[in-house]
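K.L.:
Here the sequence shown is numbered in this note's numbering, starting from 32 and rising by one per residue.
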Amino acid sequence: MIIILLGPPGAGKGTQAERLVEHKGLAYIATGDILRKAVKNKTQLGRKAREYMDQGLLVPDDLVVSIVRERLLEPDAASGALLDGFPRTVSQAESLDGMLEAGKTKIDLVFSLEVEENELIERLTGRRVCRDCGATYHMKFKPPKVRNVCDQCGGELYQRDDDSLETVTERLSVYKKQTEPLIKYYKAKGLLVAIDGNAEIDQVSQQMRAELDKLQQ
Ligand code: ADP
Ligand code: AMP
Numbered sequence: 032m033i034i035i036l037l038g039p040p041g042a043g044k045g046t047q048a049e050r051l052v053e054h055k056g057l058a059y060i061a062t063g064d065i066l067r068k069a070v071k072n073k074t075q076l077g078r079k080a081r082e083y084m085d086q087g088l089l090v091p092d093d094l095v096v097s098i099v100r101e102r103l104l105e106p107d108a109a110s111g112a113l114l115d116g117f118p119r120t121v122s123q124a125e126s127l128d129g130m131l132e133a134g135k136t137k138i139d140l141v142f143s144l145e146v147e148e149n150e151l152i153e154r155l156t157g158r159r160v161c162r163d164c165g166a167t168y169h170m171k172f173k174p175p176k177v178r179n180v181c182d183q184c185g186g187e188l189y190q191r192d193d194d195s196l197e198t199v200t201e202r203l204s205v206y207k208k209q210t211e212p213l214i215k216y217y218k219a220k221g222l223l224v225a226i227d228g229n230a231e232i233d234q235v236s237q238q239m240r241a242e243l244d245k246l247q248q
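(1) What's the C-alpha gap between G129 and F142?
(2) V96 and P212 - do their beta-carbons sit closer together than 9 Å?
(3) Cα separation between E125 and R178?
(4) By the three-class DSSP mapping on this structure, what secondary structure does E53 have?
(5) Any heavy atom of ligand 1 inside 8 Å of the beta-carbon of P118?
(6) Between which residues of its own chain and L222 is the CB-CB distance below 7 Å, once the five residues before and five after are set aside?
(7) Go ahead and label Y206 buried or exposed: buried means 16 or more other beta carbons lie within 10 angstroms of its beta carbon, across all protein chains shown.
(8) Buried or exposed: which applies to R102, given that a residue is buried once 16 or more other Cβ atoms fall within 10 Å of its Cβ?
(9) Taking C-beta to C-beta, are E23 and A42 nearer than 9 Å?
(10) Mapping DSSP to helix, strand and coil, what is S143?
(11) Please confirm if the stretch 57-77 is in contact with the stretch 168-183, defined as three or more CB-CB distances below 8 Å between the two stretches.
(12) Distance check for K176 and R159, CA to CA, integer angstroms please.
(13) Check each candidate in M32, L37, I33 and name the one with the smallest Cα separation from Y20.
(14) How long is the line joining the alpha carbons of I247 and E187, rounded to whole angstroms?
(15) Tell me whether T210, by its Cβ, gets closer than 8 Å to a heavy atom of ligand 1.
(16) Less than 8 Å between the CB of F142 and some heavy atom of ligand 1, yes or no?
(17) What is the residue span of the alpha helix (DSSP H) that D64 lies within?
Structure follows, in structure tokens:
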């Protein structure tokens, strides 16, 4: 089973992915997380990616496509994967189609998480992430029990460099130009399911689970 989470930055993809992966036992592939790890470890990939990420721009397609190609070959992805933040361009989507065809598998469903722009800005600028386990919080909408401390592992919470207001504005504009066309791309293939992402976290999860359950009927 291959599920894609499409949506602007801050729509709640990572938040929902955490729950869906548990529910369905899928491998979780978030290109943003993989790239941030590479930046942190100062690998060759990380050094190349950083200059784009800091500016809120997309990392070049060839780099991201090869990350996903390798990741999909890992054993935990054999029974299915949830893709978060990939594809982000039509060219990436076409590469993914090729990869899946070669592996004799296909996309089952593409969720499009729809959230209003003002809400996205508030979500992104208030987002906090655990340095150790990567769990995501929000200062107002999903605060940790203890200020700046992760509920799950006790790690320190930090604000991503690209969650500053200036970079958020750029990322939303990049989304509109380069990623939004994917909505049409997947609609034309009959794979798109639009979800109202403005609702509360639990309500959004319920809508998504109901759609996934329909798939297996
Ligand atoms: P994405 O992965 O799409 O960039 P995240 O899942 O990291 O988005 O969510 C962005 C921020 O918004 C996080 O701080 C998260 O806690 C918060 N958030 C996610 N979903 C909701 C929601 N439905 N209502 C309010 N806040 C939310
Ligand atoms: P995210 O964690 O999904 O918000 O991604 C953070 C940043 O990583 C983005 O702003 C891009 O610079 C980069 N990135 C993540 N996924 C991709 C992708 N599929 N294509 C290009 N760049 C990406």
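Glycine included, every Cβ here is placed at the ideal spot set by N, Cα and C.
P.N.:
Straight from the coordinates:
(1) Near 20 Å, if we compare the C-alpha coordinates of F142 and G129.
(2) Taking 9 Å as the Cβ cut-off, P212 and V96 do not qualify as a contacting pair.
(3) Spanning the two alpha carbons is a distance of roughly 43 Å.
(4) The three-state secondary structure of E53, taken from DSSP, is helix.
(5) Incorrect: P118 has no Cβ contact closer than 8 Å to ligand 1.
(6) Its chain contains I138, L140, V141 as the residues whose beta carbon lies nearer than 7 Å to that of L222, once the 5 sequence neighbours on both sides are disregarded; these appear in chain order.
(7) Answer is buried; the Cβ neighbour count reaches 16.
(8) R102 counts as buried, since no fewer than 16 other beta carbons sit within 10 angstroms of its beta carbon.
(9) Because residue 23 is not part of the residues shown, which for the chain are 32 to 248, the question remains open.
(10) Looking at S143 - three-state DSSP - the assignment turns out to be strand.
(11) Touching, no.
(12) So the alpha carbons of these two residues sit roughly 13 Å apart.
(13) Nothing about residue 20 can be reported from this structure: the residues present for the chain run from 32 to 248 only.
(14) This sequence places Gln at residue 247; Ile is not what is there. Roughly 39 Å between the two C-alpha positions.
(15) Not under cutoff, so the answer is no.
(16) Between ligand 1 and F142, a heavy atom-to-CB distance of less than 8 Å is absent.
(17) D64 -> alpha helix (DSSP H) spans 62-71.
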